[in-house]
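Participant:
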Amino acid sequence: MGKAWLGAFMALLLPGVVAAQGISRAESWGAVALPAPGPTRIIGGTGLGCIAGAVQLPGEGPGWQAVRVSRNRHWGHPAMVAWVQDFAAVARARGFPDLWIGDLSQPRGGPMTYGHASHQTGIDADIWLDVNAKPRLPSAQREDVRVASLVLPDESGVDPTRFTDRHAALIRLAAEQRGLDRLLVNHAIKRELCRRHRGEAWLRRVRPWRGHDSHMHIRLPCPDGQPECRGIAPPPAGDGCDASLDWWLTPEARRPTPRPPGPPPQMPAACAGVLALR
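Mapping of the sequence shown onto mature numbering (1 follows the signal peptide of the UniProt record, and there is no 0): residues -20 to -1, 1 to 258, in sequence order.
#1: With a Cβ-Cβ cutoff of 8 Å, do Trp55 and Leu79 count as a contact?
#2: Just to check my reading of the structure: Val254 and Ile23 have Cβ atoms closer than 8 Å, yes? What is that Cβ distance to the nearest angstrom?
#3: What are the start and end residues of each continuous beta strand (DSSP E) run of 3 or more residues lying completely inside the segment 56 to 99, in chain order?
#4: Measure the C-alpha to C-alpha separation of Ser194 and Val111 and round it to an integer number of angstroms.
#5: Output needed for Val127: all residues of its chain with C-beta closer than 8 Å, excluding positions within five of it in sequence on either side, in chain order.
#6: Measuring alpha carbon to alpha carbon, tell me which residue in Arg234, Thr26, Ala71 and Asp66 is nearest Asp134.
#7: Assess, as a yes-or-no matter, whether the segment 133 to 152 is touched by the segment 163 to 177 under the definition of 3 or more beta carbon pairs within less than 8 Å.
#8: Trp227: buried (16+ other C-beta within 10 angstroms of its C-beta) or exposed?
#9: For the candidate residues Ala249, Ala32, Pro244 and Thr144, whose alpha-carbon lies nearest to that of Val131?
#10: Quick check on Asp219: buried or exposed, where buried means 16 or more other Cβ atoms within 10 Å of its Cβ?
#11: What number of angstroms, rounded off, separates the C-alpha of Arg88 from the C-alpha of Lys114?
#12: Skipping 5 residues on each side, what residues in its chain have a beta carbon closer than 8 Å to that of Ala181?
#13: Have a look at Ser129, Glu232 and Arg152 and flag the residue whose alpha-carbon is nearest the alpha-carbon of Arg142.
#14: Are the CB atoms of Asp83 and Asp66 within a distance shorter than 8 Å?
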């Protein structure tokens, strides 16, 4: 019996298995233009999951402008959209210019074809670290907005010609907002914040991660009433300005060992229904 016949036979016997394999394809999720109808429902974790009933962040509002809206990645749980809007208003009241808002999630979450390994369940958002005054631009002119890295090429520290007190103040303001789980920035930025603010409680929420040299990644905890949402452990106690931060400059961190080959991770089975809803 050929492989084609076997595949067809398995599809008849095990349609759930075949569907589960198909829902892990990022192209399938990126092709869906609108959210799944019904109440908001998060399934799985931010790195392997989906969302039904997502809501869309408007393209602009008081204190923010969404960038690259053609990607259709400004969807999320209502709590995430509200957090972004509230933070933009707070930042504006503190004298910051409009914030560039990058990706949240796709209309139904799920994996993306490029750009992120997370952002899959509507509780992540990227806010670019651009504290310059900016005009109100039509959405078409916000498609190719670029923000320079704030980190030296070797990631040994921030670029002193670019990183300013205003960048540190914006990150701190975000980290102090209610409802936040954690905030990811490049380890060089975290190191600079430790140099300036060691011992301050808000630093616990600021965690180092690869990339994130020109934006901060906001993550919320699993919202109330979402039993299928899989969260992660809260940040460790303390300000994070310890040996765990030094690790990012070690050879092990700079050149991580490739993972051995194996089957790709599978989406939660319930996400097949979210993808199929019309």
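Ideal placement from N, C-alpha and C gives every residue a C-beta, glycine not left out.
Facilitator: A quick look at the data gives this:
#1: Indexing the sequence shown from 1 puts residue 55 at position 75. Indexing the sequence shown from 1 puts residue 79 at position 99. In this structure, Leu79 does not lie closer than 8 Å to Trp55 by Cβ.
#2: Translated into the one-based positions of the sequence shown, residue 254 becomes position 274. Translated into the one-based positions of the sequence shown, residue 23 becomes position 43. In this structure, Val254 and Ile23 form a Cβ contact; the two beta carbons are roughly 7 Å apart against a cut-off of 8 Å.
#3: 79 to 81
#4: Position 214 of the sequence shown, counted from the start, is the residue given in the question as residue 194. Position 131 of the sequence shown, counted from the start, is the residue given in the question as residue 111. Answer to the nearest angstrom: the Cα atoms are 11 Å apart.
#5: As a position in the sequence shown, residue 127 is number 147, starting the count at 1. So the qualifying residues of the chain are Trp80, Trp108, Leu109, Asp110, Ser194 and His195.
#6: Locating residue 134 in the sequence shown gives position 154, counting from the first residue. Ranking Arg234, Thr26, Ala71 and Asp66 by Cα distance to Asp134 puts Arg234 first.
#7: The segment 163 to 177, when compared against the segment 133 to 152, does touch it at the 8 Å Cβ threshold.
#8: Reading the sequence shown from its first residue, position 247 is the one you call residue 227. Flag for Trp227 reads exposed.
#9: Translated into the one-based positions of the sequence shown, residue 131 becomes position 151. For Val131, the nearest C-alpha among the options comes from Thr144.
#10: Taking the sequence shown and counting its residues from 1, one reaches residue 219 at position 239. Buried: at least 16 other Cβ atoms inside 10 Å.
#11: By one-based count along the sequence shown, residue 88 stands at place 108. By one-based count along the sequence shown, residue 114 stands at place 134. Between Arg88 and Lys114, the C-alpha separation is close to 31 Å.
#12: The residue given as residue 181 occupies position 201 in the sequence shown. So the list reads Asp219, once near-sequence residues are dropped.
#13: Numbered from its first residue, the sequence shown carries residue 142 at position 162. Cα-wise, what sits closest to Arg142 is Ser129.
#14: Position 86 of the sequence shown, counted from the first residue, corresponds to residue 66. Position 103 of the sequence shown, counted from the first residue, corresponds to residue 83. With contacts defined as CB atoms closer than 8 Å, Asp66 and Asp83 fail to qualify as a contacting pair.
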